[in-house]
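2 protein chains.
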Amino acid sequence: MKWKELEEEPCSMARTIGVIGDRWTLLILRECFLRTRRFEGFQSALGITRHLLAERLKKLVRQGILRRIPYQESPKRHEYILTQKGLDLYPIMMAIVHWGDTHMVDERGRPLLHQHRKCGKDFDPVMVCSECGEPLSAKEVHTHPGPGARSTPPNPASAASKAKARSRAA
Amino acid sequence: MKWKELEEEPCSMARTIGVIGDRWTLLILRECFLRTRRFEGFQSALGITRHLLAERLKKLVRQGILRRIPYQESPKRHEYILTQKGLDLYPIMMAIVHWGDTHMVDERGRPLLHQHRKCGKDFDPVMVCSECGEPLSAKEVHTHPGPGARSTPPNPASAASKAKARSRAA
DNA sequence: CCATATAGTTCTAAAACAGAACTGTCAAAT
DNA sequence: ATTTGACAGTTCTGTTTTAGAACTATATGG
């Protein structure tokens, strides 16, 4: 499967992974949320090769997750800032950080804490149901096909798997 | 930067990405949450090559995200089920799906809907503050170093970036 | 005229991945 | 008893991606 195919699958998760599902993209986005805006800033913070950084930034701009805006003329320079679509990735980032805080910390504890300005306290992110407000866990959720589902719905199998089915039949 | 180095960075996000931050791993985990348990199941659902699937499953087992348990003797066969550590990835999965539902759907609408058993309704996942229960957005959150932070904290720069600093100095 | 800052692009070698075929164990069918 | 098929991998070869380093371009300041 190619990256482009992923974005066309009838599965919101596959499509999202097609856009942000590689390690450098996720780390670049982490930097964005930590207020990094410029090429050199990303490069020195992450140690990513300049080549890949340029490519990933282009892709994020194409996807409408970052906007490239000039901050000076001569020489023309631009910085990268999150669009609303990009800001909406925040729950994904927080969910990833929180899992790491829970399962991947060493003796020294968490590298970063998060303070909620509204209530003033350090917090953990909690995922709740939009309808009843109760915290969610996998076992309390039932998945069923929506309007955009394909004909054989529960398994969002790819073109690749259909190809395989054909080759088995042959 | 190598994958192994990522897991040792003083950043919960980098560490988590070191474990689950590649496209196949994320898709395999999606299948796990959709109740797939067996090698052939993953393979035909995803169209992943058998080689990579075997490797990814091994890694997930090593990381304690999946457990490999026998379901029959002769021939010995195993299935892969999520541990608690694996189940705890659920908010990440839901956050990814929800972003895709919001920003990546086509005219036909969402491929999958989620129903909360407790309240019986189709829902969206919402991320809230553990302390005050209010929904979170990036701008309301202030990040500050925790006990596991390195000396120069806000920028969780890697060994790679330090190496770069040295080579610039030389 | 040289060094520095910024934002890239280009090159080569190494690593990861895709696609296909192959191995091994057993049960059921012929 | 031999063949077929299911299952869970492993091994091979060739392509794609990534790493690492050097190079380009535009401008400022000394």
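One line per chain: the protein sequences are A and B, in this order.
So the first sequence is numbered by full-length UniProt numbering: it starts at 1 and just counts up by one.
So the second sequence is numbered by full-length UniProt numbering: it starts at 1 and just counts up by one.
For every residue, glycine included, the Cβ atom is placed at its ideal position computed from N, Cα and C.
Bridge partners - residue i, DSSP secondary structure assignment
| i | result |
| --- | --- |
| glutamine 115 of chain B | A/His142, B/Asp122 |
| valine 105 of chain B | Answer is none; valine 105 of chain B lacks a bridge partner. |
| arginine 67 of chain B | B/Ile81 |
| proline 135 of chain B | B/Val128 |
| glutamine 72 of chain A | A/Arg77 |
Nearest neighbour of residue i, chosen from the options [CA to CA]
| i | options | result |
| --- | --- | --- |
| glycine 47 of chain A | A/Glu31, A/Val61, A/Val97 | A/Glu31 |
| glutamate 131 of chain A | B/Leu53, B/Phe123, B/Glu134, B/Leu136 | B/Phe123 |
| arginine 77 of chain A | A/Arg38, A/Gly120, A/Met94, A/His103 | A/Arg38 |
| cysteine 129 of chain B | B/Cys119, B/Val141, B/Phe33, B/Lys118 | B/Val141 |
| glutamate 134 of chain A | B/Pro70, B/Gln115, B/Thr36, B/Thr49 | B/Gln115 |
| threonine 143 of chain A | B/Thr83, B/Arg110, B/Arg150, B/His144 | B/Arg110 |
| arginine 117 of chain B | A/Arg117, A/Trp99, A/Lys139 | A/Lys139 |
| tyrosine 80 of chain A | A/Asp88, A/Gly100, A/Cys119, A/Lys58 | A/Lys58 |
| leucine 87 of chain B | A/Trp99, A/Cys119, A/Thr49, A/Asp88 | A/Trp99 |
Beta-carbon contacts of residue i that lie in its chain and below 6 Å, excluding the five residues immediately before and after
| i | result |
| --- | --- |
| valine 19 of chain A | Gln63 |
| glycine 146 of chain B | none |
| leucine 113 of chain B | Asp122 |
| arginine 108 of chain A | none |
Beta-carbon proximity list for residue i, same chain, < 8 Å, skipping 5 on both sides
| i | result |
| --- | --- |
| lysine 164 of chain B | Unreliable placement is indicated for lysine 164 of chain B, whose pLDDT of 35 sits below 50; no coordinate value is reported for it. |
| histidine 51 of chain A | none |
| isoleucine 96 of chain B | Leu26 |
| glycine 41 of chain B | Glu31 |
| threonine 83 of chain B | Gly64, Ile65, Leu66, Arg67 |
| glutamine 43 of chain A | Arg50, Leu53 |
Distance between beta carbons of residue j and residue i, contact taken as under 8 Å
| i | j | result |
| --- | --- | --- |
| proline 125 of chain A | methionine 127 of chain B | 5 Å |
| serine 137 of chain B | tyrosine 90 of chain A | 6 Å |
| aspartate 106 of chain A | glycine 148 of chain B | 7 Å |
| leucine 66 of chain A | leucine 60 of chain A | 4 Å |
| arginine 68 of chain B | threonine 25 of chain B | Not a contact, Cβ separation roughly 16 Å. |
| isoleucine 17 of chain A | leucine 27 of chain B | 7 Å |
| lysine 85 of chain A | histidine 103 of chain B | 5 Å |
Contacts of residue i in chain A (Cβ-Cβ under 8 Å)
| i | result |
| --- | --- |
| glutamine 115 of chain B | Val141, His142, Thr143, His144 |
| isoleucine 92 of chain B | Ile92, Ala95, Ile96, Trp99 |
| glutamate 134 of chain B | His116, Lys118, Cys119 |
Cross-chain neighbours of residue i in chain A, by beta carbon under 7 Å
| i | result |
| --- | --- |
| glutamate 131 of chain B | His116, Cys119, Lys121, Phe123 |
| phenylalanine 33 of chain B | Ala138 |
| threonine 102 of chain B | Asp88 |
| arginine 30 of chain B | Met13 |
| lysine 85 of chain B | His103 |
| leucine 37 of chain B | Correcting the residue type first, residue 37 of chain B is arginine in the shown sequence and not leucine. Under the 7 Å cutoff, chain A gives no residues; its nearest Cβ is about 13 Å from arginine 37 of chain B. |
| arginine 67 of chain B | Per Cβ cutoff of 7 Å: no residues; arginine 67 of chain B is ~15 Å from chain A at best. |
| arginine 56 of chain B | Those within 7 Å of arginine 56 of chain B in chain A number zero; the least Cβ separation is about 14 Å. |
Cross-chain neighbours of residue i in chain A, by beta carbon under 9 Å
| i | result |
| --- | --- |
| valine 97 of chain B | Cys11, Ser12, Met13, Thr16 |
| lysine 76 of chain B | In chain order: nothing, as chain A lies at least about 25 Å away. |
beta-carbon residue i near the ligand MG non-hydrogen atom, thresh 8 Å
| i | result |
| --- | --- |
| leucine 66 of chain A | The ligand MG is not part of this structure, which contains no ligands at all. |
Contact set between residue i and chain B, taken where Cβ atoms lie within less than 7 Å
| i | result |
| --- | --- |
| arginine 108 of chain A | Pro147, Gly148 |
Interface partners of residue i on chain B, CB under 8 Å
| i | result |
| --- | --- |
| valine 61 of chain A | Neighbours of valine 61 of chain A on chain B: none; closest Cβ ~15 Å, over 8 Å. |
| leucine 89 of chain A | Trp99 |
| leucine 27 of chain A | Met13, Ala14, Ile17 |
| proline 111 of chain A | Pro10, Cys11, Ser12, Pro145, Gly146, Gly148, Ala149, Arg150, Pro153, Pro156 |
| arginine 50 of chain A | Those within 8 Å of arginine 50 of chain A in chain B number zero; the least Cβ separation is about 11 Å. |
Own chain partners of residue i with C-beta closer than 7 Å, once the 5 adjacent residues on each side are dropped
| i | result |
| --- | --- |
| residue 249 of chain A | In this structure chain A extends from 1 to 170, so residue 249 of chain A is not present and cannot be described. |
| alanine 45 of chain A | Glu31, Thr36 |
| tyrosine 71 of chain B | Arg77, His78, Glu79 |
| aspartate 101 of chain B | Arg110 |
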